[in-house]
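What follows is a single structure, written as structure tokens, with notes after it.
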Amino acid sequence: MERERESLCCLQRKTMVNPRCFLDISIGGEPEGRMVVELFKDVVPKTVENFRALCTGEKGIGPNTGFPLHFKGSCFHCIIKGFLIQGGDITAGNGTGGESIYGLKFEDENFELKHERKGMLSMANSGPNTNGSQFFITTTQSSHLNGKHVVFGKVIKGMGMMRLIEHANTGDSDYPTLDVIIVDCGEIPGGADDGISNFFKDGDTYPDWLTDLDVKPDKFSWWTSAVDSIKAIGNEQYKKQDYKMALRKYRKALRYLDVCWEKEDVDEEKISSLRKTKSQIFTNSSACKLKLGDIEGALWDIDLAMRDGENNVKALFCQGQAYMALNDIDAAVESFNKALELEPNDGSIKKELAAAKKKASDFNLTSLFHVTFICLLSFTFLSATEN
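Counting from 1, one number per residue, gives the positions in the sequence shown under UniProt numbering.
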């Protein structure tokens, strides 16, 4: 009879479809992306139901705390690089609160699942049988947590998003310096799309992170087509003056571009094309950073752009603008002159060069005035002391 029960239990586990939930994340008020988790209902059904219901918010207000039993709007309050990211404190937001759908706390269901790799979803607690709403996601294998915390799921999409959170800057008590917020969450219906691709609803059908691709094509042409498509969307966002989104797209295009170099059929002609594309993307990225006031970041990208395209007129133009912003007029004039040599009829370059030369001239006149004034003061002082 006991064997029959075990066999039936195993059969039920094999046929059971585990639920999936999503967590949409913002960092510093900017939407960043989505994590999708699989919940192991076949092993820890009670713990899974707690997390699932907290994702949907279907249980309403918590009777013990008066707070919504919902992860939406809560934060990741503890980030330890190379270990974990922790969130789910739906009441205090700092790791001291929380409430489960069963009451303030509920018991440890079992420790059958292990913290065997990165991306494992586990219950945070303050000791045995103190599970509430707080959870953590491992960013590395953490076997020392086995037998102490109940593992109930794993990240199946959005591992790049998890890494982005992990590398956020932190301050006191490992709290991130920029708020990392679950802006939306819920359950994904069985068979439905997970929403990873085209997350920003801008026509970009490629997932932000390569690990979220269901299949990684072998063809070089597929990857270059992806790069061109993502870059084009970045250009559209730039024209709309959404420089942050444009910058995000250019970074994404570079991630896809990196894969192109690894393909077996890459010859010298393709390498030359890839270098040109890389230079263009870094140039566009620098233009975004200039608009956002990140001058040092812009100069860094310009340097990378010019390594793969020495005669990149747009990069030289951006370089001149960056130097102007830093008040390095001589360097700006040099950059604009180089750009003008390559494009003698470009009106924008001529205009910026003229402005730089005027600023240099005004600076020289001002400096001359200061020197003359100081000399006159010195002469007057010497004359007075002699008399």
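Glycine residues also receive a C-beta, built at the ideal position from the N, C-alpha and C atoms.
Residue i - partner residues in DSSP beta bridges
i           : result
residue 19  : None, per the DSSP bridge assignment.
residue 154 : 38 and 120
residue 100 : 103
residue 129 : Residue 129 is not bridged to any residue.
residue 170 : 176
Extent of the continuous alpha helix (DSSP H) run through residue i
i           : result
residue 220 : 220-239
residue 95  : Element bounds for residue 95: n/a, residue is neither H nor E.
residue 160 : 159-166
residue 266 : Here residue 266 belongs to no alpha helix (DSSP H), and DSSP marks it neither H nor E.
residue 242 : Unbroken run through residue 242: none, as it is neither H nor E.
residue 336 : 329-342
Where residue i falls, given that 16 or more other Cβ within 10 Å makes a residue buried
i           : result
residue 11  : For residue 11, the pLDDT reaches just 49, beneath the cut-off of 50, and the residue's location in the model is therefore unreliable, although a value from the coordinates is still provided. Per the 10 Å Cβ criterion, exposed.
residue 284 : buried
residue 149 : buried
residue 20  : buried
residue 352 : buried
residue 115 : buried
residue 322 : buried
residue 365 : Confidence at residue 365 is low in this model, with a pLDDT of 45, below 50, so the placement of that residue should be treated as unreliable; the coordinate-derived value is given next. It counts as exposed.
residue 289 : buried
residue 400 : Only positions 1 to 387 of the chain appear in this structure, which leaves residue 400 out of reach.
residue 190 : exposed
residue 77  : buried
residue 204 : buried
residue 100 : buried
residue 239 : exposed
residue 193 : exposed
residue 176 : buried
residue 348 : exposed
residue 354 : exposed
residue 411 : With the chain running from 1 to 387 in the structure shown, residue 411 is simply not present.
residue 443 : An answer regarding residue 443 cannot be provided, because it is not within the stretch 1 to 387 covered by the chain.
residue 91  : buried
residue 17  : exposed
residue 96  : exposed
residue 302 : buried
residue 143 : exposed
residue 154 : buried
residue 375 : With a pLDDT of 49 at residue 375, under the threshold of 50, the predicted position of this residue should be treated as unreliable, and no value is reported.
residue 119 : buried
residue 58  : exposed
residue 38  : buried
residue 128 : exposed
residue 28  : exposed
residue 25  : buried
residue 50  : buried
residue 345 : exposed
Host beta strand (DSSP E) of residue i (start-end)
i           : result
residue 137 : 135-138
beta-carbon residue i near the ligand SAH non-hydrogen atom, thresh 7 Å
i          : result
residue 17 : Only the bare structure without any ligand can be found here, which leaves the ligand SAH out of the picture.
- Ignoring anything shorter than 4 residues or poking outside the stretch 21-92, list the alpha helix (DSSP H) runs there in chain order. 45-56
- Message: Extract the residue ranges of the alpha helix (DSSP H) inside the stretch 284-322, only unbroken runs of 4 or more that lie entirely within it.
- Response: Entirely contained in the stretch 284-322, the alpha helix (DSSP H) runs reaching 4 residues are, in chain order, 295-307.
- Message: For the pair the stretch 268-288 and the stretch 299-311, tell me if three or more CB-CB distances fall below 8 Å.
- Response: yes
- Along the chain, which unbroken stretches of the beta strand (DSSP E) at least 3 residues long are found entirely within the stretch 174-226? 180-188
- Is it a yes or a no for the stretch 212-222 touching the stretch 42-56, going by three-plus beta-carbon pairs under 8 Å? no
- Item | Meets three-Cβ-pair contact criterion under 8 Å: the stretch 205-217 and the stretch 152-164 | yes
- When the Cβ atoms of the stretch 228-235 are set against those of the stretch 246-262, are three or more pairs found closer than 8 Å? yes
- Task: Evaluate the contact criterion for the stretch 166-185 versus the stretch 122-129: three or more CB pairs, one atom per stretch, below 8 Å.
- Result: no
- Query: So, do the stretch 127-143 and the stretch 78-87 have three or more beta carbon pairs nearer to each other than 8 Å?
  - Reply: yes
- Item | the stretch 178-186 touching the stretch 63-75, judged by at least three CB pairs closer than 8 Å | yes
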